[in-house]
Amino acid sequence: MTTINLEEQFMNRLALDEKIEPKDWMPEKYRKTLVRQIAQHAHSEIVGMLPEANYISRAPSLRRKAALLAKIQDEAGHGLYLYCAAETLGVERDTLFEELHSGKAKYSSIFNYPTLSWADMGAIGWLVDGAAILNQVPLCKCSYGPYARAMVRVCKEESFHQRQGFEILLTLSNGSEAQKQMAQDSLNRWWWPSMMMFGPSDADSTNSEYSMKTKIKRFSNDELRQRFVDATKPQADILGLTIPDPNLKYNEETKHWEYGEIDWEEFNNVVQGHGACNKLRVKARKDAWEEGQWVRDAATAYAEKKELRKSQTKQVA
Amino acid sequence: MSNSKSWPLWEVFIRSKHGLSHKHVGSLHASDADMAIENARDVYTRRQEGISIWVVESKSITASDPKLNDAMFEPAEDKVYRHPTFYELPDELKHM
């Protein structure tokens, strides 16, 4: 069988909406695209814990603290599901970590922005998780089986994340003038970075075409961004908060909200490592990895000792 | 020691409350079986998904070869008589 034949068969399977599984033949480009995307997604879940961890000890009530802890624990879990999905493509977990620590691998730029007030826990849940859900729901139908299955679990668990964020902002916007101001300030800072979460405009998105062709991705960046704006504007109205975009206006014909120009220069700067917290985030991950080395070593030594004892007992018997 | 390779990979199977078979839910790394069970509890049952966990080291699993799928699974394709709907029964027979 020639490679051309295999490639044709592969595309035929995609056309029939069959899932591609780890041991199936796949083009190298498909494998590489998936490894890059799934790893980036996993890193985003793991790094995404850091801006919120900042507020665990300062949550305003036990209820809020329990919810925030549960959300962050979910994110750790989601990172683990995704690393496993990436590993089915033949890449080692440690290699993925090394790429995150060395800066070779990217994660969602949104986590390079600082969390300055408690209201940011609300804005992250509402906007950042809201945008993530819109990105992730179509991934449940991704052509690669292990990724799709991981996303089903993630999406099921994530719906509470957005609700808890919205509830935080709703409470603040119904509170004192200062609390409402805090909520508005948070929306002002998180709106545009959330819009950027969908990635570059379709015309400038280098990886989109291949991902759409191979059904890794089902909707374009701009399509998903539009859905986000349409879903979020009425929610902001319920909160009584103003989206910081003077050009936001409803188009009666298209039935969509039109929005202003995104600052792509800021986006590129943050992607390239010049955001407020890039260095801090990667350092926190590296420290956690290095300081945890003795724990990993101890567990390995303990497992080896138990294994050895078991074989010795067998020999005696 | 500190250069030791990463912990082995384990496949996790969970049985829900409803008495169905253990079902594969995913995989994780752990240094030994006990840790694999504990990690599986934290990673895969945060919302009461199960009442029993199995873990199996991934390398112990033998899988069928997808390249041989035709030979493996095609023979069942033309045996419709193995399904109840194959049989023609009179309309007045309401339950069977």
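Residue numbers (this note's numbering), protein chains in the order written: chain A, -11 to 305; chain B, 2 to 97. We treat Cβ as the ideally placed atom computed from N, Cα and C, and that holds for glycine.
- prompt: Taking 9 angstroms as the CB-CB cut-off, is residue 14 of chain B touching chain A?
  reply: On the second sequence, position 13 is the one that residue 14 of chain B refers to. Output row for residue 14 of chain B: interface = no.
field: Pair within 9 angstroms by beta-carbon distance, residue 27 of chain B and residue 141 of chain A
entry: On the second sequence, position 26 is the one that residue 27 of chain B refers to. On the first sequence, position 153 is the one that residue 141 of chain A refers to. Closer than 9 angstroms, so yes.
- prompt: Listing by chain order, which chain A residues have their CB less than 9 angstroms from the CB of residue 27 of chain B?
  reply: As a working note, residue 27 of chain B is residue 26 in the second sequence. 68, 69, 72, 73, 134, 137, 138 and 141, listed in chain order.
Cβ-Cβ separation, residue 3 of chain A to residue 30 of chain A (assumed contact under 8 angstroms), whole Å: To locate residue 30 of chain A, count along the first sequence from 1; it is residue 42. To locate residue 3 of chain A, count along the first sequence from 1; it is residue 15. Rounded, the Cβ-Cβ distance is 29 angstroms, inconsistent with contact.
- prompt: In or out: residue 18 of chain A buried (at least 16 other Cβ within 10 Å) or exposed?
  reply: Against the first sequence, residue 18 of chain A aligns to sequence position 30. By the neighbour-count rule (16 or more Cβ atoms within 10 Å), residue 18 of chain A is buried.
- request: Give the C-beta separation of residue 174 of chain A and residue 105 of chain A to the nearest angstrom, bearing in mind that I take them to be a contact with Cβ-Cβ under 8 angstroms.
  value: Walking along the first sequence from the start, residue 174 of chain A turns up at place 186. Walking along the first sequence from the start, residue 105 of chain A turns up at place 117. Right, their Cβ atoms sit about 6 angstroms apart.
field: Anticipated Cβ contact below 8 angstroms, residue 152 of chain A with residue 55 of chain A, distance rounded
entry: By 1-based counting over the first sequence, the position of residue 152 of chain A is 164. By 1-based counting over the first sequence, the position of residue 55 of chain A is 67. Right, their Cβ atoms sit about 5 angstroms apart.
- prompt: DSSP three-state call for residue 182 of chain A: helix, strand or coil?
  reply: For this step, residue 182 of chain A is matched to residue 194 along the first sequence. Looking at residue 182 of chain A - three-state DSSP - the assignment turns out to be helix.
- prompt: What does a CB cutoff of less than 7 angstroms around residue 5 of chain A pick up in its chain, not counting 5 residues either side in sequence?
  reply: For this step, residue 5 of chain A is matched to residue 17 along the first sequence. Excluding positions up to five away in sequence, the list is empty.
CA-to-CA distance, residue 254 of chain A to residue 157 of chain A, given in whole angstroms: To locate residue 157 of chain A, count along the first sequence from 1; it is residue 169. To locate residue 254 of chain A, count along the first sequence from 1; it is residue 266. Those two C-alpha atoms are separated by around 26 angstroms.
- prompt: Roughly how far, in whole angstroms, is the beta-carbon of residue 179 of chain A from the beta-carbon of residue 154 of chain A, given that I think they are within contact range, below 8 angstroms?
  reply: Locating residue 179 of chain A in the first sequence gives position 191, where the first residue counts as 1. Locating residue 154 of chain A in the first sequence gives position 166, where the first residue counts as 1. Actually they are not in contact, since the Cβ atoms of residue 179 of chain A and residue 154 of chain A sit about 15 angstroms apart, beyond 8 angstroms.
query: Going by alpha carbons, who is nearest to residue 98 of chain A out of A/119, A/91, A/244 and A/90?
result: By 1-based counting over the first sequence, the position of residue 98 of chain A is 110. Of the candidates A/119, A/91, A/244 and A/90, the one whose C-alpha sits nearest the C-alpha of residue 98 of chain A is A/119.
query: Are the C-beta of residue 3 of chain B and some C-beta of chain A separated by less than 9 angstroms?
result: Taking the first residue of the second sequence as position 1, residue 3 of chain B is located at position 2. Note that residue 3 of chain B scores a pLDDT of 42, beneath 50, so its modelled location is shaky; the value from the coordinates is reported in the next line. Yes, because at least one Cβ of chain A sits closer than 9 angstroms to the Cβ of residue 3 of chain B.
message: What are the residues in the segment 52 to 68 of chain A lying within 9 angstroms of chain B by C-beta distance?
response: 58, 61, 62, 64, 65 and 68
query: Beta-carbon of residue 53 of chain B versus every beta-carbon of chain A: anything under 9 angstroms?
result: Reading the second sequence from its first residue, position 52 is the one you call residue 53 of chain B. Cβ-Cβ to chain A under 9 angstroms: no for residue 53 of chain B.
task: Pull up the distance between the alpha-carbon of residue 9 of chain B and that of residue 229 of chain A, whole angstroms please.
output: Locating residue 9 of chain B in the second sequence gives position 8, where the first residue counts as 1. Locating residue 229 of chain A in the first sequence gives position 241, where the first residue counts as 1. Their Cα atoms are separated by approximately 50 angstroms.
- request: May I ask you to report which of helix, strand or coil DSSP gives residue 1 of chain B?
  value: In the structure as shown, chain B starts at 2 and stops at 97, and residue 1 of chain B therefore has no counterpart that could be examined.
field: Inter-residue spacing [alpha-carbon to alpha-carbon] between residue 223 of chain A and residue 11 of chain A
entry: Position 235 of the first sequence holds residue 223 of chain A. Position 23 of the first sequence holds residue 11 of chain A. Taking the straight line joining both Cα atoms gives about 44 angstroms.
query: For residue 44 of chain A, which three-state DSSP category applies?
result: Numbered from 1 along the first sequence, position 56 holds the residue referred to as residue 44 of chain A. Of the three classes helix, strand and coil, the one that applies to residue 44 of chain A here is helix, per DSSP.
message: In chain order, what are the residue ranges of uninterrupted alpha helix (DSSP H) at least 4 long that sit wholly in the segment 17 to 84 of chain A?
response: 37 to 41 and 50 to 75
task: Might you give, ordered along the chain, the residues of its own chain that have their beta carbon closer than 8 angstroms to the beta carbon of residue 64 of chain A, omitting 5 neighbours on each side?
output: Position 76 of the first sequence holds residue 64 of chain A. Excluding residues within five positions, the ones whose Cβ falls inside 8 angstroms are 33, 34 and 37.
- request: Report yes or no: is there a C-beta of chain B within less than 9 angstroms of the C-beta of residue 9 of chain A?
  value: Locating residue 9 of chain A in the first sequence gives position 21, counting from the first residue. Taking Cβ atoms only, chain B reaches closer than 9 angstroms to residue 9 of chain A, which makes this a yes.
Where residue 247 of chain A sits in the DSSP three-state scheme: Numbered from 1 along the first sequence, position 259 holds the residue referred to as residue 247 of chain A. Three-state result, residue 247 of chain A: coil.
Residue 162 of chain A (DSSP reduced to helix, strand or coil): In the first sequence, the residue the question calls residue 162 of chain A occupies position 174. Here residue 162 of chain A sits in coil by DSSP.
query: Residue range of the beta strand (DSSP E) that residue 238 of chain A falls in?
result: Taking the first sequence and counting its residues from 1, the one referred to as residue 238 of chain A is at position 250. Its beta strand (DSSP E) spans residues 237 to 239.
- request: Give the straight-line distance between the Cα atoms of residue 47 of chain B and residue 15 of chain B, rounded to the nearest whole angstrom.
  value: Counted from its first residue, the second sequence places residue 47 of chain B at position 46. Counted from its first residue, the second sequence places residue 15 of chain B at position 14. Rounded to whole angstroms, residue 47 of chain B to residue 15 of chain B spans 12 angstroms at the Cα level.
field: Beta-carbon proximity list for residue 4 of chain B, same chain, < 6 angstroms, skipping 5 on both sides
entry: The residue given as residue 4 of chain B occupies position 3 in the second sequence. Caution is warranted here: a pLDDT of 44 is assigned to residue 4 of chain B, below 50, making its placement in the model unreliable, and the coordinate value is therefore given only provisionally. For residue 4 of chain B, where only same-chain residues beyond five positions count, there are no Cβ hits under 6 angstroms.
message: Against chain B, with Cβ distances strictly below 9 angstroms, would residue -4 of chain A count as a contact?
response: Counting from one through the first sequence, the residue named residue -4 of chain A turns up at place 8. Output row for residue -4 of chain A: interface = no.
query: Would you say residue 161 of chain A and residue 150 of chain A are within 9 angstroms of each other, going by their C-beta atoms?
result: Here residue 161 of chain A is taken as the residue at index 173 of the first sequence, counted from 1. Here residue 150 of chain A is taken as the residue at index 162 of the first sequence, counted from 1. The answer is no: Cβ separation not under 9 angstroms.
message: Cutting at 8 angstroms between CB atoms, please list the residues of its own chain near residue 42 of chain B, excluding the five before and the five after it.
response: Position 41 of the second sequence, counting from 1, holds the residue named residue 42 of chain B. Only 54 meet the Cβ criterion.
message: Could you check whether the Cβ of residue 64 of chain B sits closer than 9 angstroms to any Cβ belonging to chain A?
response: Here residue 64 of chain B refers to the residue found at position 63 when the second sequence is read from its first residue. So yes, residue 64 of chain B belongs to the interface.
message: Pairs of beta-carbons, one from the segment 261 to 276 of chain A and one from the segment 202 to 213 of chain A, closer than 8 angstroms: are there three or more?
response: no
query: What does residue 267 of chain A touch in chain B if you count any residue whose Cβ is under 8 angstroms from its own?
result: As a first step, residue 267 of chain A must be located in the first sequence, where it is residue number 279. The contacting residues do not exist; residue 267 of chain A stays about 25 angstroms from chain B at best.
- request: Report back the beta-carbon spacing between residue 182 of chain A and residue 116 of chain A to the nearest angstrom; my notes put them in contact at under 8 angstroms.
  value: Here residue 182 of chain A is taken as the residue at index 194 of the first sequence, counted from 1. Here residue 116 of chain A is taken as the residue at index 128 of the first sequence, counted from 1. Going by Cβ atoms, the distance from residue 182 of chain A to residue 116 of chain A rounds to 6 angstroms, so yes, they are a contact pair.
query: Using a beta-carbon distance below 9 angstroms, is residue 56 of chain B in contact with chain A?
result: Stepping through the second sequence from its first residue, residue 56 of chain B is reached at position 55. No, no contact with chain A.
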